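Numbers 37 to 531, taken from the numbering used here, label the letters of the sequence shown in order.
Built from N, CA and C at the ideal position, the CB exists for glycine as well.
This structure is a prediction, so every number in the text was calculated from the model and none was measured.
Structure record follows, encoded as structure tokens.
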Amino acid sequence: MTSSGTGEVLFLVKSSRVREYHQQNLAILAAPDGANFEISYNRRWIQPGLAVAVGDGACIVFADSPYRDFEPIRWAVVERVDESTEKITLGIRVGSFTLGTERLTEQWRADADADYDAGRKETDKTRPYFLFSEPNPGLRNPNGWDEASAAWRDVRSRLDRNGFFDGSRFARLSRVETVEGLPIEPGGTVQVGTRLFAHLDIAAAAKPEAIVIESTPSGWAQLDGEITINDDSARVPLQVLASGNGTLRLNLMPEPMRSCRPAITLNAISDVATSTASSPSSVDAASVHRLVTALERTSALADDAWIDILQQHLIPMGGEDDRLLLNLAERCYNAGRLEETIASVAKMSQATPRSELLQLAASARLGSSTIDGSAFGRVPLEDHASLSLLISALAASPSAVVHELAPELWSNHLGLERVADLIDAVWGRIDDASIAAHAAELRGYSDMAAARRLITTRWPDPETIENAPLRTLIEDLGLTDETAPYLHRWIRVLA
Numbered sequence: 037m038t039s040s041g042t043g044e045v046l047f048l049v050k051s052s053r054v055r056e057y058h059q060q061n062l063a064i065l066a067a068p069d070g071a072n073f074e075i076s077y078n079r080r081w082i083q084p085g086l087a088v089a090v091g092d093g094a095c096i097v098f099a100d101s102p103y104r105d106f107e108p109i110r111w112a113v114v115e116r117v118d119e120s121t122e123k124i125t126l127g128i129r130v131g132s133f134t135l136g137t138e139r140l141t142e143q144w145r146a147d148a149d150a151d152y153d154a155g156r157k158e159t160d161k162t163r164p165y166f167l168f169s170e171p172n173p174g175l176r177n178p179n180g181w182d183e184a185s186a187a188w189r190d191v192r193s194r195l196d197r198n199g200f201f202d203g204s205r206f207a208r209l210s211r212v213e214t215v216e217g218l219p220i221e222p223g224g225t226v227q228v229g230t231r232l233f234a235h236l237d238i239a240a241a242a243k244p245e246a247i248v249i250e251s252t253p254s255g256w257a258q259l260d261g262e263i264t265i266n267d268d269s270a271r272v273p274l275q276v277l278a279s280g281n282g283t284l285r286l287n288l289m290p291e292p293m294r295s296c297r298p299a300i301t302l303n304a305i306s307d308v309a310t311s312t313a314s315s316p317s318s319v320d321a322a323s324v325h326r327l328v329t330a331l332e333r334t335s336a337l338a339d340d341a342w343i344d345i346l347q348q349h350l351i352p353m354g355g356e357d358d359r360l361l362l363n364l365a366e367r368c369y370n371a372g373r374l375e376e377t378i379a380s381v382a383k384m385s386q387a388t389p390r391s392e393l394l395q396l397a398a399s400a401r402l403g404s405s406t407i408d409g410s411a412f413g414r415v416p417l418e419d420h421a422s423l424s425l426l427i428s429a430l431a432a433s434p435s436a437v438v439h440e441l442a443p444e445l446w447s448n449h450l451g452l453e454r455v456a457d458l459i460d461a462v463w464g465r466i467d468d469a470s471i472a473a474h475a476a477e478l479r480g481y482s483d484m485a486a487a488r489r490l491i492t493t494r495w496p497d498p499e500t501i502e503n504a505p506l507r508t509l510i511e512d513l514g515l516t517d518e519t520a521p522y523l524h525r526w527i528r529v530l531a
């Protein structure tokens with residue numbers, strides 16, 4: 037398969053309807069060339085007989101129900117293929133944005149309209165799959181910097197007309213350089229104390245009101261002056277404070293989780309000269325962060341010990357800096373000190389997606405009655421670690437919280453694979469038979485045998501199972517020898 041020209045192309049169709057997919061799609065838009073992503077497809081959405089191999093070129097296409105508008109976004113190369121009986125998981129490396137998209141969008145739209153007019157069932161449509169290959173209809177790579185910039189602007193323009201991206205702000209890193217103008221490549225190495233400028237391409241029609249930076253680990257780098265936001269670009273001054281690998285994420289306000297969140301990943305090294313030159317004569321937040329980073333690198337203190345040090349010494353020294361407060365919130369959460377987690381986040385002058393996630397997770401575990409499904413729109417769902425933290429928090433939450441939040445999460449925010457992870461995690465907390473029946477039905481979309489086990493393990497006696505899960509077991513999850521006794525009960529219920 038090729039990534040440009042007239043040969044076969046592997047197409048990866050991605051929707052944006054649920055929040056998890058929407059955030060991953062925004063991350064794909066914001067990522068620099070060479071960034072890595074993982075995408076999974078259930079077997080029922082894969083073209084029969086399709087063979088995917090490492091090195092195959094692919095095109096990522098955004099589309100959503102009723103699947104009549106298709107937007108080719110950017111090229112990718114397959115770097116890993118993991119196959120099971122249920123799904124294929126692809127590790128991909130993204131490349132340039134696509135050009136020559138007109139023929140594809142026109143032809144695929146015409147085919148979709150014909151399918152609709154003919155009333156064809158899903159399996160009989162011209163393109164019933166999300167992972168498939170077919171001849172390239174004219175897509176090509178940009179040729180040179182000017183065309184690469186034009187391809188990015190074209191993608192932005194097309195997505196501005198896509199209702200699933202209403203309210204989204206599009207941005208990507210155009211370059212990172214030192215204050216002296218020396219370019220810094222993604223994943224490059226810099227000295228501790230280095231001052232940088234991150235330059236963003238943004239859309240003039242929806243430029244951010246502000247840009248808030250998040251550093252991982254907390255305190256690894258900081259804002260180093262005023263951010264300049266123009267009609268189509270922004271410049272963010274930064275300074276690296278500590279050695280080691282770190283990531284800076286740029287959040288576009290006021291709704292960062294509905295927008296691109298460009299990230300900068302670098303490796304910082306220090307030497308004696310750098311350490312001496314960057315040491316301030318008085319204690320400030322930056323120097324406290326350097327101390328925290330040094331202690332984290334050389335000590336094996338438990339979270340409780342860290343909490344005492346942060347509360348009694350480091351935060352007072354650093355003037356309740358947001359990064360120190362977030363560090364405290366992380367450690368309080370890990371130690372199970374949930375009220376202190378919420379209190380630390382509440383003191384921050386500027387909420388970030390990570391602080392919102394910690395607050396939501398802690399509040400859920402405490403059984404708070406003040407949280408609702410809207411909180412999911414403010415937390416990161418596109419990365420595995422954040423979503424795993426949220427799922428594990430719900431698994432440790434009271435049943436009332438699970439009944440309130442889990443259906444919202446699996447209905448509107450998660451893709452099929454992570455819906456399965458969520459249901460498996462919270463199943464023991466679901467006391468409501470109707471909610472349990474719906475959860476089992478959703479679980480069956482990815483693994484019917486696993487869904488049947490959930491029900492038959494919860495209700496091992498066919499005579500005591502409630503009607504809602506019994507209906508799901510018989511009508512939605514397939515009849516097997518194991519479930520035959522439940523069929524006898526269902527027949528009596530119907531009679």
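Open item on the list: Tell me which residue opens and which closes the alpha helix (DSSP H) that ARG367 is part of.
Closed with: 358-370
Open item on the list: Using the three-state DSSP reduction, which class does LEU288 fall into: helix, strand or coil?
Closed with: strand
Task: Residue closest to ALA71, alpha-carbon to alpha-carbon, out of PHE106, VAL113, ILE491 - done: VAL113
- [ ] Would you list the residues sitting across from ASP118 in a DSSP beta bridge?
- [x] THR125
Task: Straight-line gap, TRP181 to GLY514 (C-alpha atoms, nearest Å) - done: 55 Å
- [ ] On the DSSP bridge assignment, give the partners of GLN227 in chain order.
- [x] ILE305
Task: Unbroken alpha helix (DSSP H) run spanning TYR152, endpoints - done: Membership of TYR152 in the alpha helix (DSSP H) is indicated by the continuous run 138-154.
- [ ] Could you check which residue in LEU209, LYS161, ILE345, ASN363 has the C-alpha nearest to that of THR301?
- [x] LEU209
Task: Test item: CB-CB of ALA321 and GLY282 under 7 Å - done: no
TODO: Kindly confirm or deny that the stretch 269-279 and the stretch 228-247 touch, where touching means at least three C-beta pairs closer than 8 Å.
DONE: yes
Open item on the list: Which same chain residues end up closer than 7 Å to ASP512 when comparing Cβ atoms and leaving out the 5 residues on each side of it in sequence?
Closed with: GLU477, GLY480.
Open item on the list: Between the alpha carbons of ALA186 and GLU107, how many angstroms are there, rounded?
Closed with: 15 Å
Task: Under 7 Å between C-beta atoms of PRO498 and ARG525 - done: yes
Open item on the list: Per DSSP, what are the beta-bridge partners of ASP237 in this structure?
Closed with: ARG208, SER269
TODO: Under the assumption that ARG488 contacts LEU509 (Cβ atoms under 8 Å), give the Cβ distance between them as a whole number of angstroms.
DONE: Yes, they are in contact, since the Cβ atoms of ARG488 and LEU509 sit about 7 Å apart, within 8 Å.
Open item on the list: Please report the distance separating the alpha-carbon of ARG494 from that of TYR522.
Closed with: 13 Å
Open item on the list: Let me see if you follow: with CB-CB separation under 7 Å, is ILE471 close to chain C or not?
Closed with: Chain labels in this structure do not include chain C; a single protein chain is all it has.
Open item on the list: Do LEU417 and LEU425 have their beta-carbon atoms positioned less than 7 Å apart in this structure?
Closed with: no
Task: LEU46: first and last residue of the uninterrupted beta strand (DSSP E) it sits in - done: 44-50
- [ ] Name the two residues that bound the continuous alpha helix (DSSP H) containing GLU440.
- [x] 435-448
Open item on the list: As a quick exercise: from ILE265, ILE247, LEU374, ARG189, pick the residue whose alpha carbon is nearest that of THR134.
Closed with: Comparing Cα positions, the closest option is ARG189.
Open item on the list: Considering Cα atoms alone, identify which of PRO102, GLU142, THR252 is closest to ARG156.
Closed with: PRO102
- [ ] Keeping to the same chain, check which residues put their C-beta closer than 7 Å to that of SER57; ignore five residues upstream and five downstream.
- [x] Residue 57 is actually Tyr in this sequence, not Ser. Cβ within range, chain order: LYS50, SER51, GLY451.
- [ ] Identify whether GLN83 lies in helix, strand or coil by the three-state DSSP scheme.
- [x] Coil at GLN83, not helix or strand.
TODO: Just confirm the distance between the C-beta atoms of LEU374 and ALA398, as a whole number of angstroms; I'd bet it's less than 8 Å.
DONE: 4 Å
TODO: From the DSSP output, in three-state form, read off ILE471 for me.
DONE: The answer is helix: DSSP assigns ILE471 an H, G or I state.
Open item on the list: Distance check for ALA486 and LEU48, CA to CA, integer angstroms please.
Closed with: 27 Å
TODO: Give a yes or no on whether the C-beta atoms belonging to ALA431 and VAL455 are separated by under 7 Å.
DONE: no
Open item on the list: Restricting to Cα atoms, I'd like to know which of GLU213, ASP358, HIS449, VAL45 is closest to GLN258.
Closed with: ASP358
TODO: Along the beta strand (DSSP E) that carries GLU170, what are the first and last residues, could you check?
DONE: 167-171
Task: Cβ pair GLY280, VAL328 closer than 7 Å - done: In this structure, VAL328 does not lie closer than 7 Å to GLY280 by Cβ.
Task: Contacts around SER482, its chain only, beta-carbon distance under 8 Å, and the 5 residues preceding and following it disregarded - done: ASN78, GLU122, LYS123, LEU452, GLU453, VAL455, ALA456
Task: Touching by the beta-carbon criterion (3+ pairs, under 8 Å), the stretch 433-444 and the stretch 399-415 - done: yes
- [ ] Using alpha carbons as the reference points, say which of ASN266, LEU364, ILE305, CYS296 lies closest to ALA382.
- [x] Ranking ASN266, LEU364, ILE305, CYS296 by CA distance to the CA of ALA382 puts LEU364 first.
TODO: Decide if PRO290 is buried, meaning its Cβ has at least 16 other Cβ atoms within 10 Å, or exposed.
DONE: exposed
TODO: Assign ILE96 to one of three DSSP states: helix, strand, or coil.
DONE: strand
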